Structure formats: structure tokens, C-alpha cells
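Undergrad: Below is the structure I would like to discuss, written out as C-alpha cells.
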Amino acid sequence: MVRAGGSLSVVSRPTNEPGPGELVVATEYAGLCGTDIQMLRGLRDDPAPVIGHEGIATVVAAGPGVRPEFAPGTLVAVNPTHPTDPGFLLGHNVDGLLQERTLLPATAVTGGMVLPLPADTDRTLAPLLEPLAVVRYALRQLHAFAPRTLIVYGDGVIGHLAVRAARRWLGSATRVILVHHTESGRAFSEAAPYRADVLCTRLDWARLEPGVVGALLATPRDATVFALESVLALGAEELAVDLVGGLPPNATTPLLPGIDLTAARAANCGGLPDPARIVTTDSADGNRVHLFGHRGVADRHLLDAAAELAAEPGRYRDLITHETDLEGAVRVMRALAGSRDRVIDGRRLIKLSVHMGAKQ
Ligand SMILES: [Zn+2]
Numbered sequence: 006m007v008r009a010g011g012s013l014s015v016v017s018r019p020t021n022e023p024g025p026g027e028l029v030v031a032t033e034y035a036g037l038c039g040t041d042i043q044m045l046r047g048l049r050d051d052p053a054p055v056i057g058h059e060g061i062a063t064v065v066a067a068g069p070g071v072r073p074e075f076a077p078g079t080l081v082a083v084n085p086t087h088p089t090d091p092g093f094l095l096g097h098n099v100d101g102l103l104q105e106r107t108l109l110p111a112t113a114v115t116g117g118m119v120l121p122l123p124a125d126t127d128r129t130l131a132p133l134l135e136p137l138a139v140v141r142y143a144l145r146q147l148h149a150f151a152p153r154t155l156i157v158y159g160d161g162v163i164g165h166l167a168v169r170a171a172r173r174w175l176g177s178a179t180r181v182i183l184v185h186h187t188e189s190g191r192a193f194s195e196a197a198p199y200r201a202d203v204l205c206t207r208l209d210w211a212r213l214e215p216g217v218v219g220a221l222l223a224t225p226r227d228a229t230v231f232a233l234e235s236v237l238a239l240g241a242e243e244l245a246v247d248l249v250g251g252l253p254p255n256a257t258t259p260l261l262p263g264i265d266l267t268a269a270r271a272a273n274c275g276g277l278p279d280p281a282r283i284v285t286t287d288s289a290d291g292n293r294v295h296l297f298g299h300r301g302v303a304d305r306h307l308l309d310a311a312a313e314l315a316a317e318p319g320r321y322r323d324l325i326t327h328e329t330d331l332e333g334a335v336r337v338m339r340a341l342a343g344s345r346d347r348v349i350d351g352r353r354l355i356k357l358s359v360h361m362g363a364k365q
């Protein structure tokens, strides 16, 4: 699937041969992510023509010098964000997984970005692996503040995964509030098998437990500051906020004087540093606020997410609402890029799974 001048099409291209240290992998299942849609809408300027940074694949060829753990036939996940080499951001500046064969450069292989998975891994859950790893990172950080209330802001796949994983990773005593973008989004949650304690579209109606409030902002880039301000306006005495969603450059809010929100989020990348950098400040109202964010995940987050999907597949499976092949994915992505509506084939889309297994 090749992106050119704002349009998408499926074309044939020659398969790369792996050079020294490189791997060629065959994608089995890949997911479509919110950042992919933003690229199609022209909101980001990532150069890679082939997108796709979430999925699992099988090694089909290994170049000279590659360690035997990556022998052909090995099932692997790829961590899309190299913590120290900005030249490897899979599906953004390196051609991604929405193609039959993907060349993984030596920096990804030697840098530990390619993770062998057990052969009995449920491949159909693969599109949830990377987003659940992001949630793992977020909830691990928030857990340190022992929040009594968790506000999950945003009802995309990250928000829904966070609600479901919070019971497992924060415990059952934390009250979970899911803030939806639209009433139809709230209706989806109402009908879902695992629900937050509170489902709302406006945060000011939600009741907080006494004690620390945690907030996980899983919002698109143009909505994160609004979400942050909505959470700050609740006036919790102590608040820990994870800016999972993106931010425009140099974003600020008058509610947190002197804080560069974008810099706070960018301080953590690919799981480094560990522990994560957290900014602690006082809000304009005099409340204590801990603020952080992160781009990408560490391998440990991906492996924890893989273990969680293996342990509790039924807790997450219904979030893969649509499955299609490469041609079908082009159709869905065109529809999504052209509107803010998330209804495809008469159903709300949470996660699209692209199955590439047919033409091996
Ligand atoms: Zn993504």
C-alpha cells in the first residue's frame, strides 16, 4: 500500500534482498492507527510511502551476520520506535508493515527492535499489541501515584484498551471514568462487554474519589490541550497526567504556567530514560500536578502486552471491529481520511486489522 501525493493505492514493487544485518519479514496481521489517518489527512509530514507500524510478521530472509534467533520462520513483533536512532521510526520514516514484504534495517535488528514471539501467539490479536504496550507504559507510570480515580480521556483504541487493562494493572479499587468524544462513542461503550465505571461525554459531571486522580489523555494532537484543561478544571488536589496523545509544537496552557507540554511529553522516548522523566508543578489553582508523556514504548512494554493478550484474549478481542485485506484497507482508509465519522460498513470502527496472510 503506497502513499503518494495524498492518495493511496496497492501497487507491485520488487522485493528487497536483505543486506548485512538486515531482515526481510512477511506481515501476517497489521493494524491501522490514528497517526496513520493523520498522515493521510496531511496533518503530519512523515516521508515513508508505506505506512504500518503495528503488527506481527514472519522472518522470510536474513542477511549475513544476523543472529540465529531470527532464522526464517520466526514470528516477530517490531518495536516501531528506536529509543536512540531517530532514523528508525517504522511506517513513518522507514517503509512499514502494510506491504507483503518489509525490509528491516540493521539498526532495528541490532537495536533490539525486533522481538521473537512464541510460535503459539494468537496472530489475530496482533493489531492490539503495540497500542496495548503504550497503555502498559502509561498505567505503569500512573500506578506509581496510586490513583483512586483514573480518567481516560478519548474513546479510540488506546482509551478502550486502557479501561480494560486498568482493572488488571491498577487493581479493582480504582474508579475508572471514560470520556467519549461523541454520544455514538458512548453508546458503543455502553454495549461493550467490559465497561468503565462511568461513561460520559462531559467530564464536569463525573464524580471523583477522594485522593489522587490519574488521567490518561488518549486524544488526537488537536484535542490534547483541551482534554488537559478539562481535567485540571476538576480541581483535584493531586493529579498525575499522562499526555499519551500528541501535541502541537510548544503547546502550553495558562492553567500550568511556565510548562512546555510538548517538551514534557518528548522527554521520554522508546522507554528511555527509565524511570521516566516527570514534571511536578503547581497549577494556577495551587494544586499539585505531575505531568509526563512518552513517544514509543520499550521492548518490556511490548512483551508485557503480549503476555496480557495471551492471558486474557477475551478482554480485548472485540476491539478489533473490522478485518480486511490490503485492497480493503485502502477503501477503509480513504473513507476515514475523508471524514471524522468512524462508521465503516455500518459499524463503529475501533481497530482495523489488515490480514496479509493470503499471498505468501
Ligand atoms: Zn500507532
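Okay, so the sequence shown: first residue is 6 according to this note's numbering, each after it adds one. All residues carry an ideal CB built from backbone N, CA and C; glycine is no exception. Quick caveat: nothing in here was measured; it's all calculated off a predicted structure.
(1) Output needed for Ala271: all residues of its chain with C-beta closer than 8 Å, excluding positions within five of it in sequence on either side, in chain order.
(2) Drop a sphere of 10 angstroms on the beta-carbon of Asp100, count the other beta-carbons inside from all chains shown, and report buried for 16 or more, exposed for fewer.
(3) Between the alpha carbons of Asn273 and Arg282, how many angstroms are there, rounded?
(4) Grouping DSSP H, G and I as helix and E and B as strand, with all else coil, what is Lys364?
(5) Please tell me whether, using a cut-off of 7 Å, the distance from the CB of His186 to the nearest non-hydrogen atom of ligand 1 is below it.
(6) What does DSSP give as the partner residues of Thr329 in its beta bridges?
(7) Quick one: using the 10 Å Cβ neighbour count with 16 as the cut-off for buried, is Ser17 buried or exposed?
(8) For Tyr199, name the three-state secondary structure that DSSP assigns.
(9) Quick one: what does DSSP say Glu27 is sitting in, helix, strand or coil?
(10) Tell me which same chain residues have a C-beta within less than 8 Å of the C-beta of Ala76, skipping the five on either side of it?
(11) Give me the Cβ distance between Val218 and Thr154, rounded to the nearest whole Å; I'm assuming they're in contact under 8 Å.
(12) With three or more beta-carbon pairs closer than 8 Å as the criterion, would you say the stretch 343-353 touches the stretch 141-151?
(13) When you compare each of Val71, Leu208, Pro132 to Leu1 by their alpha carbons, which one comes out closest?
(14) If you draw a straight line from the alpha carbon of Leu248 to that of Thr224, how long is it in whole angstroms?
(15) Of all the options Arg322, Leu296, Ala241, Pro278, which has the alpha carbon lying nearest to the alpha carbon of Thr257?
(16) Mind listing, in chain order, the continuous beta strand (DSSP E) runs of no fewer than 3 residues lying wholly within the stretch 121-178?
(17) Could you compute how far the alpha carbon of Ala220 sits from the alpha carbon of Arg226?
(18) Alpha carbons only, please: which of Glu188, Ala111, Ala312 is nearest the one belonging to Gly24?
(19) Within 7 Å: the Cβ of Cys38 and any heavy atom of ligand 1?
(20) With respect to 7 Å, is the separation between the Cβ of His58 and the closest non-hydrogen atom of ligand 1 below this value?
(21) Considering just the uninterrupted stretch of the alpha helix (DSSP H) at Arg293, what are its terminal residues?
(22) In the DSSP assignment, what are the bridge partners of Ile42?
(23) For Glu22, verify whether its CB is less than 7 Å away from any heavy atom of ligand 1.
(24) Return the chain-ordered list of same chain residues with a C-beta closer than 6 Å to the C-beta of Arg8, the five sequence neighbours on each side being excluded.
(25) Quick check: is any heavy atom of ligand 1 less than 7 Å from the C-beta of Glu27?
(26) Would you tell me roughly how many angstroms separate the C-alpha atoms of Gly60 and Pro215, rounded to the nearest one?
(27) Could you name the residues of the same chain whose beta carbon sits closer than 6 Å to that of Gly351, not counting the 5 residues immediately before and after it, in chain order?
(28) So who's on the other strand from Asp247, going by DSSP bridges?
(29) Report all residues from its chain with a CB closer than 7 Å to the CB of Arg46; omit the five preceding and five following residues, and keep chain order.
(30) Just reading off the alpha helix (DSSP H) that Ser235 is part of, what are its end residues?
(31) Beta-carbon separation of Gly117 and Asp160 under 8 Å?
(32) Which residues bound the beta strand (DSSP E) around Val64?
TA: Once the coordinates are examined:
(1) Around Ala271, the same chain offers Gly298, Arg300 as residues with beta carbons nearer than 8 Å, after the five sequence neighbours per side are excluded.
(2) So Asp100 ends up on the buried side.
(3) 6 Å
(4) The predicted model places Lys364 with a pLDDT of 46, which falls under 50 and marks its position as unreliable; any figure quoted below should be read in that light. Lys364: coil per DSSP, three-state reduction.
(5) When distances are taken from the beta-carbon of His186 to the heavy atoms of ligand 1, even the shortest one reaches 7 Å or more.
(6) Val359
(7) exposed
(8) coil
(9) coil
(10) Val64, Ala67
(11) So it is a contact: roughly 5 Å between Cβ atoms.
(12) Because the criterion of three Cβ pairs below 8 Å is not met, the stretch 343-353 and the stretch 141-151 do not touch.
(13) With the chain represented from 6 up to 365, any question about residue 1 goes unanswered, as that position is not in the structure.
(14) 9 Å
(15) Leu296
(16) 154-158
(17) 16 Å
(18) Ala111
(19) yes
(20) His58: yes, Cβ under 7 Å from ligand 1.
(21) Segment 293-298 is the beta strand (DSSP E) holding Arg293; no alpha helix (DSSP H) there.
(22) Looking at the DSSP assignment, Ile42 forms no beta bridge with any residue, so it has no partner.
(23) no
(24) Pro54
(25) no
(26) 40 Å
(27) none
(28) Leu221, Phe297
(29) Closer than 7 Å at Cβ, skipping near neighbours: Ala342.
(30) 229-237
(31) no
(32) 60-67
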